[in-house]
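Peer 1:
In the working numbering, the protein residues as written are 752 to 1159.
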């Protein structure tokens, strides 16, 4: 096996197995998150060094788990200074690991890990950030980008959350069934951010989205009376139905306006719509159900021009009441520009820009550029487009913006 093929194979295992290894190591180390993550990462690094020459072991995940465990034992043995601890770790090193037996009403190990991490003693952002690290192995930079905060800020949040887990002795164990609903908001946010992290054209990233949808199905079956769980599943399905048209044959991003709607998965759109309809019948519309309703408007419209933009404007206004955020305000302004024209939406965009809430978010500047261009203010539009280009996080997004700028 070449180094390149080994790297691709290990990347696939990383996407599928990281969470299982980290969960095992968190239990093994007594809740030491940093040590668990470091040892899991060391195991993958060791695999990159040895598998090209020695070949892939028969049970790759077991090999990686054993390597991480051995590394943890070595680290803890060397760090221990008390003779009693040394004897204890020496005995542990010789012993076989106690098999983990699941005694839980949650029918999936990864979903179980989510509910374990989303402890109500931590704030929602901390719950989500910790779980994304444990579940998906996302870097601090990736998590920061998902939260639209600087990497340093997110690093501090994660550090404080881990410290709270360690020093406040927050038990990292699966909650009983009657406590699952209080942890549901964190789990829903984790799943949706996990889905968004995989919403791209790279196969190993796309696996994250598929896994998020699978887990969302398990969650909806586990909690049939929670409409937000079903709303989130509907939202994922409706978005994912448009995946085939998001990238053209040359690998370039295609905006919603220009996508070939004949390539959308109509069966998946119908399934998402039916799930959403059942959730809305409970008359407890939360943010995921409202977002799914917006996605359904887009997914069922024959074209951009025939989209029910007034309804989408109303849905964003409702979303702003139940889950206010700068992103919701931005999307509301975009919908308003389609329903009533750019002159109606530009003041909202200017207010967001003046607030500084989305200064580093490239889509704010790209949206402002589009509105200014439609109003004939070309020079201002081009300046905003160049700012968006400088802030765009991926090469594909930079190419799309460069094409717009070149077409002026």
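We treat Cβ as the ideally placed atom computed from N, Cα and C, and that holds for glycine.
Terminal residues of the continuous alpha helix (DSSP H) containing residue 797?
Peer 2: Counting from one through the chain shown, the residue named residue 797 turns up at place 46. 784-805 is the span of the alpha helix (DSSP H), which, as asked, contains residue 797.
Peer 1: With residue 794 and residue 772 assumed to form a contact (beta carbons below 8 Å), what rounded beta-carbon distance in angstroms separates them?
Peer 2: For the purposes of this step, residue 794 is taken as the residue at position 43 of the chain shown. For the purposes of this step, residue 772 is taken as the residue at position 21 of the chain shown. Confirmed, Cβ separation roughly 7 Å.
Peer 1: Within 10 Å of its beta-carbon, does residue 991 have 16 or more other beta-carbons around it, so buried, or fewer, so exposed?
Peer 2: Residue mapping note: residue 991 aligns to position 240 of the chain shown, counting from 1. For residue 991, the number of other beta carbons within 10 angstroms of its own is at least 16, and it is reported as buried.
Peer 1: Which residue spans inside the segment 853-884 form an unbroken alpha helix (DSSP H) run of at least 4?
Peer 2: 860-868
Peer 1: Under a three-way DSSP split, which group does residue 845 fall into?
Peer 2: Reading the chain shown from its first residue, position 94 is the one you call residue 845. A caution first: residue 845 carries a pLDDT of 49, below 50, which makes its placement in the model unreliable, though a value can still be read off. Note: residue 845 maps to helix in three-state DSSP.
Peer 1: Quick check: what's the CA-CA separation for residue 969 versus residue 861?
Peer 2: The residue labelled residue 969 in the question sits at position 218 within the chain shown. The residue labelled residue 861 in the question sits at position 110 within the chain shown. Taking the straight line from one Cα to the other gives about 10 Å.
Peer 1: Where does residue 1004 fall in DSSP's three states?
Peer 2: By 1-based counting over the chain shown, the position of residue 1004 is 253. The answer is strand: DSSP assigns residue 1004 an E or B state.
Peer 1: Any idea if residue 822 is buried or exposed, counting beta-carbon neighbours within 10 angstroms, 16 or more meaning buried?
Peer 2: The sequence position of residue 822 within the chain shown is 71, counting from 1. Classification of residue 822: buried, given that the 10 Å Cβ count is 16 or more.
Peer 1: Have a look at residue 814 and residue 789 and give me their C-alpha separation to the nearest angstrom.
Peer 2: For the purposes of this step, residue 814 is identified with residue 63 of the chain shown, where counting begins at 1. For the purposes of this step, residue 789 is identified with residue 38 of the chain shown, where counting begins at 1. The alpha-carbon atoms of residue 814 and residue 789 are separated by roughly 16 Å.
Peer 1: Do residue 1132 and residue 1149 count as a contact pair if the criterion is CB distance below 9 Å?
Peer 2: Walking along the chain shown from the start, residue 1149 turns up at place 398. Walking along the chain shown from the start, residue 1132 turns up at place 381. Result no, Cβ atoms of residue 1149 and residue 1132 do not sit closer than 9 Å.
Peer 1: Could you tell me the distance, in whole angstroms, from the CA atom of residue 1162 to the CA atom of residue 1067?
Peer 2: A query on residue 1162 cannot be resolved here, the shown segment of the chain reaching from 752 to 1159 and no further.
Peer 1: Suppose the cutoff is 7 Å on Cβ atoms and the five residues either side in sequence are ignored; what does the same chain contact list for residue 880 look like?
Peer 2: Position 129 of the chain shown, counted from the first residue, corresponds to residue 880. Contacts found: 894, 905, 908, 909 and 912.
Peer 1: Figure out for me which residue from 918, 943, 1138 and 864 has the closest Cα to the Cα of residue 898.
Peer 2: Here residue 898 refers to the residue found at position 147 of the chain shown. Comparing Cα-Cα distances from residue 898 to each of 918, 943, 1138 and 864, the minimum goes to 943.
Peer 1: Consult DSSP for residue 900 and reduce its assignment to one of helix, strand or coil.
Peer 2: Residue mapping note: residue 900 aligns to position 149 of the chain shown, counting from 1. Taken through DSSP and simplified to helix, strand or coil, residue 900 comes out as coil.
Peer 1: Expressed to the nearest angstrom, what Euclidean distance is found between the alpha-carbon atoms of residue 1045 and residue 826?
Peer 2: Taking the chain shown and counting its residues from 1, one reaches residue 1045 at position 294. Taking the chain shown and counting its residues from 1, one reaches residue 826 at position 75. Cα-Cα distance, rounded: 50 Å.
Peer 1: For residue 925, name the three-state secondary structure that DSSP assigns.
Peer 2: As a position in the chain shown, residue 925 is number 174, starting the count at 1. Correct three-state label for residue 925: coil.
Peer 1: Rounded to whole angstroms, how far is the Cβ of residue 939 from the Cβ of residue 959, which I believe are closer than 8 Å?
Peer 2: Your numbering for residue 939 matches position 188 in the chain shown. Your numbering for residue 959 matches position 208 in the chain shown. That pair is no contact at about 16 Å.
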